[in-house]
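Participant: Following this message is one structure expressed as structure tokens.
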Ligand code: GLU
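In structure tokens form, the structure reads like this:
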């Protein structure tokens, strides 16, 4: 068979592969520099697993002074969703995972969207045909079904290999005849693999992996739109883009024999591989993969809507990327950490939302009130316009609320997200407080002796915290609230309550909750007039 003639016949106007090799010269890299790529298909929202992969690729490229590429793998256009590509780009932007080369920003090895690289793949297909390493296959789907049924009947492996690969031996005349009849065809790799041969392969995460050579003549070019299959396109791209390290989900591990076969066929060096384990979830005792469909927390949007800072999600992802990160972070700065392949977990890490929330509480506790306020404005502007208006109107007041028990040695750790802030401090805004009956949920089981009197005669907003506290204690004791718990427990009938219960009444009256922060600060921030308004409503609710 004259392969050169066949190649020209099937792809007359396609440029030689050498054209692209010249256009995309090999990168000049040191031994350390890594070229990594994140290669998603635009089939839906970015989920935690893919964000983790992208982040790991970014960190490794940054640490090695290398390059991180975003490549969109959209050759399976049936699975594509609307805005799939811009969705991926925006999610990466939202998480501040910058790209060195990719769609929108470009780069010397672009275009970075596979559907725009059709000519490149065709030139590699033509080259393989020329070398006798690929051929057209005219089998119809019913012929392929027949092969499959036969293999099932004979209890054999399924696939287009060995004596089943009917079109391997068509003559050039037969091929020309079929093309003239406009019969659709695909191009298949002519595999030279031997399935009885086993090899060892070292994966940077999984360690040593055994695999059998591929001997299946897989489709490399589809018939309908002359687009390549993912397998072929990714090998050509990784070759031309000079990818040194392929970091991806371990669901691709089983495709490795085919990929090795393809890289060999196109005479490309094999990149190094790191197959990352999927993120797992404990679902009522059953451990399963975190599911894009079933678990809302699998979506990166979930954290944005909740108002979990981007930095927190990234810190949490780092604890999954490297098992030694958590311990390291206790004593050091996050950005000094070096990600390594050795510390990537070889089996799936359990996703733990509570842990993520704890990291978030810790993170918030280290922010200043001004920093929180600034991000709260951005968050509410997107997700809670009403609250946004209030905090804009009462800007300094809101900053002061956020400052309660903040710049102290032991700051409060009750905020885990921007959406928590309204839930925690709504009562500080009269617009919310007087909107409905704020006391309807409170079950009342103690006396209210002296409360009105306390505000009328004792409370002075100019007192220091110390003076305020001792005056209040003294006042409460006059009304038979004792600071001595033991005494109270022995003869409760002799007292109105404990001093703690006196404070609790004031706290409930002003905030409706007993979990609010420092009472002194709350009193000061509300001010006398607003306290009196609440007092009036309170007294009316409980005594009349
Ligand atoms: N496009 C593949 C995916 O959607 C990427 C696989 C790879 O990284 O090689 O997961």
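In our numbering, the protein residues as written are 4 to 547.
Glycine included, each C-beta is placed from N, C-alpha and C at the ideal position.
(1) Would the beta-carbon of residue 49 be found less than 8 Å away from any heavy atom of ligand 1?
(2) Please state whether the Cβ-Cβ distance between residue 386 and residue 464 is less than 9 Å.
(3) Can you name the residues that DSSP bridges to residue 204?
(4) Is residue 84 helix, strand or coil when you go by DSSP?
(5) Would you kindly work out how many angstroms separate the C-alpha atoms of residue 84 and residue 96, rounded to a whole number?
(6) Using a beta-carbon distance below 9 Å, is residue 11 in contact with chain B?
(7) When the distance is taken between beta carbons, is residue 116 closer than 9 Å to residue 239?
(8) Using three-state DSSP, classify residue 90 as helix, strand or coil.
(9) Can you give me the start and stop residues for the alpha helix (DSSP H) that residue 151 sits inside?
(10) Going by other Cβ atoms of all chains shown within 10 Å of its Cβ, with 16 needed for buried, is residue 109 buried or exposed?
(11) Go to residue 391, then tell me how far its alpha helix (DSSP H) extends in each direction, as first and last residue.
(12) Does residue 499 come out as helix, strand or coil in the three-state DSSP assignment?
(13) For ligand 1, is there any heavy atom lying closer than 8 Å to the beta carbon of residue 237?
(14) If you reduce the DSSP assignment to three classes, tell me which class residue 185 lands in.
(15) Identify which residue in 87, 29, 10 and 373 has its Cα closest to the Cα of residue 43.
(16) Might you give, ordered along the chain, the residues of its own chain that have their beta carbon closer than 6 Å to the beta carbon of residue 436, omitting 5 neighbours on each side?
(17) Does the Cβ-Cβ distance between residue 281 and residue 210 come in under 9 Å?
(18) Using CA coordinates, which residue listed in 284, 372 and 76 is at the minimum distance from residue 46?
(19) Measure the alpha-carbon distance for residue 206 versus residue 212 and round it to whole angstroms.
(20) Buried or exposed for residue 227, going by 16 or more other Cβ atoms inside 10 Å?
(21) Who are the Cβ neighbours of residue 114 in its own chain at under 7 Å, not counting the five residues just before and after it?
(22) How close, in whole Å, do the beta carbons of residue 38 and residue 247 come, if the pair is a contact with beta carbons under 8 Å?
(23) Given a cut-off of 9 Å, decide if residue 265 and residue 192 are closer than it, judged by their beta-carbon atoms.
(24) Anyone know if the C-beta pair for residue 498 and residue 453 falls short of 9 Å?
(25) Cβ of residue 251 versus every heavy atom of ligand 1: is any distance shorter than 8 Å?
(26) Closer than 6 Å by C-beta to residue 48: which residues in its own chain qualify, once you throw out the five before and the five after it? Chain order, please.
(27) Counting Cβ pairs, one atom from each stretch, are 3 or more of them under 8 Å apart for the region 25-41 and the region 61-75?
(28) Taking DSSP's pairing of strands, which residues face residue 139 in a bridge?
(29) Based on the DSSP secondary-structure assignment, which residues constitute the bridge partners of residue 284?
Facilitator: The relevant details are as follows:
(1) no
(2) no
(3) 212
(4) coil
(5) The straight-line gap from Cα to Cα measures roughly 19 Å.
(6) As a matter of chain content, chain B is missing from the structure shown, which is built from one protein chain.
(7) no
(8) helix
(9) 144-156
(10) The C-beta of residue 109 has fewer than 16 other C-beta atoms within 10 Å across all chains shown, which makes the residue exposed.
(11) Start and end: 388-396.
(12) coil
(13) Indeed, a heavy atom of ligand 1 lies less than 8 Å from the Cβ.
(14) coil
(15) 87
(16) The answer, listed in chain order, is 430.
(17) Contact flag unset, no.
(18) Residue 76 is the option with its Cα nearest to residue 46.
(19) 7 Å
(20) exposed
(21) 120
(22) 5 Å
(23) Judged by their CB atoms, residue 192 and residue 265 are nearer to each other than the 9 Å cut-off.
(24) no
(25) yes
(26) So the list reads 302, once near-sequence residues are dropped.
(27) yes
(28) 190
(29) Checking the DSSP bridge columns, you'll see residue 284 partnered with 291.
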